[in-house]
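In my numbering, the protein residues as written are 8 to 165.
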């Protein structure tokens, strides 16, 4: 396990994000989305980091504003439970994500399922992306380390 941990760190790409002092410990990360495999990136979107959400959730209004709501490959449906415990059937689509650090570096995640909701204005960055990262919090900085696929590397070890 020790070698795997070292390898994980060596093979990760990291981004740092500054967290303002007055944000009540709410973390937003700037990023963009695109139709898979096109690299036609949207304008910047502020994603609310929500480790309690299993999904990335995006309001349909945002996808309409970006002009890509009808271009994304559909990936099924999911039922969301709203604030008033009312169920909402929501479509699931696939996008590519590009997250951008405070200093401009980027990490790209390909073909990520997102849930499109008719309610709310928040863009939630949930575990479908966050589970692909190690998250470090130190002082006013959040660091995301993108983990690479270690299975190939593991087999190449002597």
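By construction, the Cβ of each residue, glycine as well, lies at the ideal position given by its N, Cα and C atoms. None of the values given here were measured: they were computed from a predicted structure.
Residue i - DSSP class collapsed to helix/strand/coil
i           : result
residue 136 : helix
residue 5   : Past the edges of the chain, shown from 8 to 165, lies residue 5, and the structure says nothing about it.
residue 88  : strand
residue 11  : Reliability fails at residue 11, whose pLDDT of 35 lies under 50, so the model's placement of it is uncertain and no value is given.
residue 96  : strand
residue 6   : Nothing can be reported for residue 6: it is not among the residues displayed for the chain, which extend from 8 to 165.
residue 141 : strand
residue 37  : strand
residue 161 : With a pLDDT of only 42 at residue 161, under the threshold of 50, the placement of this residue in the model should not be trusted, and no figure is reported.
Option nearest residue i by Cα separation, candidates the options
i           : options           : result
residue 61  : 135, 107, 99      : 135
residue 66  : 36, 54, 59        : 54
residue 41  : 69, 104, 144, 124 : 104
residue 43  : 151, 92, 115      : 115
residue 85  : 76, 128, 63       : 63
residue 94  : 151, 126, 130     : 126
residue 34  : 45, 130, 71, 153  : 130
residue 141 : 78, 88, 153       : 153
residue 69  : 128, 112, 87      : 128
The beta strand (DSSP E) enclosing residue i, as first and last residue numbers
i           : result
residue 118 : 113 to 124
residue 78  : Segment: none, residue 78 is in no beta strand (DSSP E) and carries neither H nor E.
Inter-residue CB distance, residue i and residue j (contact presumed, cutoff 8 angstroms)
i           : j           : result
residue 106 : residue 38  : 4 angstroms
residue 36  : residue 132 : 6 angstroms
Span of the alpha helix (DSSP H), counted from its first residue to its last, around residue i
i          : result
residue 67 : 67 to 73
C-beta neighbour in chain D for residue i, strict 9 angstroms
i          : result
residue 75 : Judged by its chain identifiers, the structure shown contains no chain D, having just a single protein chain.
Check your understanding: Using 8 angstroms as the threshold, is the stretch 120 to 127 in touch with the stretch 96 to 109, meaning 3 or more CB pairs across them?
Key -> Taking a cut-off of 8 angstroms on C-beta distances, the stretch 120 to 127 touches the stretch 96 to 109, as three or more cross pairs fall below it.
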